[in-house]
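Student:
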RNA sequence: UCCUCAGUAGCUCAAUGGUAGAGCAUUCGGCUGUUAACCGAAGGGUUGUAGGUUCGAGUCCUACCUGAGGAGCCA
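Numbering (this note's numbering), first residue to last: 4 to 404.
1) Does DSSP put residue 253 in a helix, a strand or coil?
2) Cα separation between residue 297 and residue 305?
3) What are the start and end residues of the alpha helix (DSSP H) that includes residue 128?
4) When DSSP builds the beta bridges, which residues end up paired with residue 227?
5) I believe residue 127 touches residue 387 by the beta-carbon criterion, under 8 Å. Please report the beta-carbon distance rounded to the nearest angstrom.
6) Where does the unbroken alpha helix (DSSP H) through residue 240 begin, and where does it stop?
7) From this set, 71, 344, 59, which residue's C-alpha is nearest residue 101's C-alpha?
8) Among residues of its own chain, excluding the 5 on either side of residue 319, which ones have a beta-carbon nearer than 6 Å to its beta-carbon?
9) Between the beta-carbon of residue 53 and the beta-carbon of residue 40, is there less than 8 Å?
10) When you compare the CB positions of residue 374 and residue 191, do they come within less than 8 Å of one another, or not?
11) Does the distance from the C-beta atom of residue 331 to that of residue 317 stay below 8 Å?
12) Beta-carbon within less than 8 Å of residue 114's beta-carbon, same chain only, minus the 5 sequence neighbours each way: which residues are those?
13) Can you grab the Cα-Cα spacing for the pair residue 76 / residue 180, in whole Å?
14) Please work out which residues of its chain come closer than 8 Å, Cβ to Cβ, to residue 8, disregarding the five sequence neighbours upstream and downstream, and give them in chain order.
15) Measuring alpha carbon to alpha carbon, tell me which of 129, 92, 223 ends up nearest residue 145.
16) Where DSSP assigns a beta bridge to residue 274, which residues make up the other side?
17) Could you check the C-alpha separation between residue 221 and residue 240 for me, to the nearest Å?
18) Using a Cβ-Cβ cut-off of 8 Å (strictly less than) and excluding sequence neighbours within five positions of residue 225, which residues of its own chain qualify?
19) For residue 360 and residue 369, I'd like the C-alpha separation in whole angstroms.
20) Whole angstroms are fine: how far does the CA of residue 28 sit from the CA of residue 349?
21) The beta strand (DSSP E) with residue 378 in it runs from where to where?
22) Grab the span of the beta strand (DSSP E) containing residue 85 for me, first residue to last.
23) Which residues in the same chain have their Cβ closer than 6 Å to the Cβ of residue 216, if we skip the five residues on either side of it in sequence?
24) Helix, strand or coil: which one does DSSP assign to residue 7?
25) In the DSSP assignment, find the unbroken alpha helix (DSSP H) run with residue 367 in it and report its ends.
26) Per DSSP, which one or two residues make a beta bridge with residue 343?
27) Which residues share a DSSP beta bridge with residue 34?
28) What did DSSP end up calling residue 109 once you bin it into helix, strand or coil?
29) Within the same chain, show all residues whose beta-carbon is closer than 8 Å to that of residue 382, passing over the 5 residues directly before and after it, in chain order.
30) What are the partner residues of residue 321, as DSSP defines its beta bridges?
31) Is DSSP giving residue 101 helix, strand or coil here?
32) Between the Cα of residue 35 and those of 83, 55, 16, spot the shortest distance and give me the residue it belongs to.
33) How about residue 16 and residue 51: do their beta carbons lie closer than 8 Å?
34) Residue 75 by DSSP, collapsed to three states: which one?
35) Provide the residue(s) that pair with residue 64 in DSSP beta bridges, ordered along the chain.
36) By Cβ distance, which residues of its chain are closer than 8 Å to residue 174, with the 5 residues on each side in sequence left out?
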């Protein structure tokens, strides 16, 4: 038994002919009298096993034949290339150790047939085991890793410390919680956001960094997650088209375009979900819309140089109707102006004393943005709903599991 | 909070106001290359809840509960 070396399914291809063991779960079982095809998964992948009655001890065949879905097992045997097997590799099973057999009285609830979203998300703790969800979360991981790598390559390990002190080029990456009553396919009450902030930077710098980041991120997913994108049946040509420069339009222009296409929007109003879809419908790249009316943007946005009814904010809208994935812009650096805006918005000045302080001691033009991870992953994977992009989505009225 | 749609077997769904059904899952039987395997059989139901109309309600009406995704609001 110790002759069998434990391997992952993902590495099975490089262990052809060796005695190996795989520790995992039964994904599905097809049997035909004297031959059995168990599908096994171990978290790294899925492999088909094969077991012929005449070639193994009777007990091995019986144990395998009676396994139930998602029973935990350790199987031993040898792997080889096999055209007829899904995935191209197959394991000839020689013995099996049942760790736990799922009892037939309480079968695994998620069967290989159709289920509705309500049922699946009530069983999210099990749903995560399925192939599709697995692929989505691997893409999510790649997106997160790309974001971290992007900022590391921008500044460098040691340089990063210097920039933080000298230039304040930093980023924050973590969960954000919002309690708005938004029940849509684009909203979660907990979502993850990366927020770079740069000193001595303006709106143009934000647009440049945002564009570079998106191109870098989609490039990395294409490079490292081809298999997962195939599992998700994602049209990769849509992602291959993501290259700079992205189209850039002003809010003024966007309103004119929308009105020309029948939208009800008036200058001064924010985009609705359908407006975002109209704007991106005929674009294969994300588009950048900037210079929004100050009326519906937060108090800290820097006004435009040439007019004071718009501010230097920018939204990046993903193609294919996925909506806003980035929002950001240039912040007010003038202490007098910031105070004025705080008063105009009737905000408690005391609560912002530290924020105002930043403008007293060596203030510089600075800018930054926030990018929503789940919306990016939903777009890259081509998903119908954002809730599939996080292991345990927190939504309005949804806390379990 | 408002609007729209939906709730029938463990799951996905059928059923002109007239005997509640199929596929999958489970159990039993068959099958040596299956690809969400297939073939045969069995078990499985207070049709979301409470009222109402009717000779008769899964179906029509009212209220409520639960869910979905839109609006508002937000990212």
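All residues carry an ideal CB built from backbone N, CA and C; glycine is no exception.
Owing to the predicted nature of the structure, the values given are computational and were not obtained by experimental measurement.
Tutor: In this structure, then:
1) As a working note, residue 253 is residue 250 in the first chain. Reduced to three states, the DSSP call for residue 253 is strand.
2) In the first chain, the residue the question calls residue 297 occupies position 294. In the first chain, the residue the question calls residue 305 occupies position 302. Each residue's CA atom was taken as its position, placing residue 297 and residue 305 some 9 Å apart.
3) The count along the first chain starts at 1 and reaches residue 128 at position 125. Where residue 128 is concerned, the enclosing alpha helix (DSSP H) stretches over 127-130.
4) Residue mapping note: residue 227 aligns to position 224 of the first chain, counting from 1. For residue 227, no pairing in a beta bridge is given by DSSP.
5) Numbered from 1 along the first chain, position 124 holds the residue referred to as residue 127. Numbered from 1 along the first chain, position 384 holds the residue referred to as residue 387. The beta-carbon distance between residue 127 and residue 387, rounded to whole angstroms, is 16 Å. This is too long to meet the 8 Å contact definition.
6) The residue you call residue 240 lines up with position 237 of the first chain. Run containing residue 240: 239-243, per the alpha helix (DSSP H) assignment.
7) Counting from one through the first chain, the residue named residue 101 turns up at place 98. Minimum Cα-Cα distance from residue 101 among the listed residues 71, 344, 59 corresponds to 71.
8) Taking the first residue of the first chain as 1, we reach residue 319 at position 316. Cβ-Cβ distances below 6 Å link residue 319 to 213, 289, 291, 328, 329 in the same chain, with the five nearest sequence neighbours on each side left out; the list follows chain order.
9) Taking the first residue of the first chain as position 1, residue 53 is located at position 50. Taking the first residue of the first chain as position 1, residue 40 is located at position 37. In this structure, residue 40 lies closer than 8 Å to residue 53 by Cβ.
10) Here residue 374 refers to the residue found at position 371 of the first chain. Here residue 191 refers to the residue found at position 188 of the first chain. No; because the gap between Cβ atoms is not below 8 Å, this pair is not in contact.
11) For the purposes of this step, residue 331 is taken as the residue at position 328 of the first chain. For the purposes of this step, residue 317 is taken as the residue at position 314 of the first chain. In terms of Cβ geometry, residue 331 and residue 317 form a close pair [threshold 8 Å].
12) The residue given as residue 114 occupies position 111 in the first chain. Within the same chain, and ignoring the five residues on either side of residue 114 in sequence, the residues whose Cβ sits closer than 8 Å to its Cβ are 72.
13) Mapped onto the first chain, residue 76 falls at position 73. Mapped onto the first chain, residue 180 falls at position 177. Cα to Cα, residue 76 sits roughly 39 Å from residue 180.
14) Here residue 8 refers to the residue found at position 5 when the first chain is read from its first residue. Answer for residue 8: 18, 21, 22, 23, 24, listed in chain order.
15) Numbered from its first residue, the first chain carries residue 145 at position 142. Check the Cα spacing between residue 145 and each of 129, 92, 223: the tightest is with 223.
16) Looking up residue 274 in the first chain gives position 271. By DSSP's assignment, residue 274 forms no beta bridge with any residue.
17) Within the first chain, numbered from 1, the residue matching residue 221 stands at position 218. Within the first chain, numbered from 1, the residue matching residue 240 stands at position 237. Between residue 221 and residue 240, the C-alpha separation is close to 12 Å.
18) Reading the first chain from its first residue, position 222 is the one you call residue 225. In its chain, beyond the 5 residues on either side, 232, 239, 242, 243 have a beta carbon closer than 8 Å to the beta carbon of residue 225.
19) Taking the first residue of the first chain as 1, we reach residue 360 at position 357. Taking the first residue of the first chain as 1, we reach residue 369 at position 366. If I take the Cα positions, the gap works out to 15 Å.
20) In the first chain, counting from the first residue as 1, residue 349 sits at position 346. In the first chain, counting from the first residue as 1, residue 28 sits at position 25. Their backbone Cα atoms lie some 59 Å apart in a straight line.
21) Looking up residue 378 in the first chain gives position 375. Per DSSP, residue 378 belongs to no beta strand (DSSP E); it is in the alpha helix (DSSP H), 376-384.
22) Working through the first chain from its first residue, we reach residue 85 at position 82. First-last for residue 85: undefined, no H or E at that position.
23) To locate residue 216, count along the first chain from 1; it is residue 213. Same-chain partners within the cutoff: 153.
24) Position 4 of the first chain holds residue 7. DSSP places residue 7 in coil when its eight states are reduced to three.
25) Residue 367 sits at position 364 when you count from the first residue of the first chain. Unbroken run through residue 367: none, as it is neither H nor E.
26) As a position in the first chain, residue 343 is number 340, starting the count at 1. None; residue 343 has no bridge partner.
27) For this step, residue 34 is matched to residue 31 along the first chain. DSSP lists 39 as partners of residue 34.
28) Taking the first chain and counting its residues from 1, one reaches residue 109 at position 106. Three-state DSSP puts residue 109 in coil, outside helix and strand.
29) Within the first chain, residue 382 is the residue found at index 379, counting from 1. Within the same chain, residue 382 has close Cβ partners 321, 322, 323, 325, 328.
30) Locating residue 321 in the first chain gives position 318, counting from the first residue. 326.
31) Along the first chain, one-based indexing puts residue 101 at 98. Collapsing the DSSP output to three states places residue 101 in a strand.
32) If you number the first chain from 1, residue 35 lands on position 32. Comparing Cα positions, the closest option is 55.
33) If you number the first chain from 1, residue 16 lands on position 13. If you number the first chain from 1, residue 51 lands on position 48. For the pair residue 16 and residue 51, the CB atoms are not nearer than the 8 Å cut-off.
34) Taking the first chain and counting its residues from 1, one reaches residue 75 at position 72. DSSP, read as helix, strand or coil, puts residue 75 in strand.
35) Taking the first chain and counting its residues from 1, the one referred to as residue 64 is at position 61. None; residue 64 has no bridge partner.
36) Here residue 174 refers to the residue found at position 171 when the first chain is read from its first residue. Cβ neighbours of residue 174 beyond the five flanking positions: 154, 197, 198, 199, 200.
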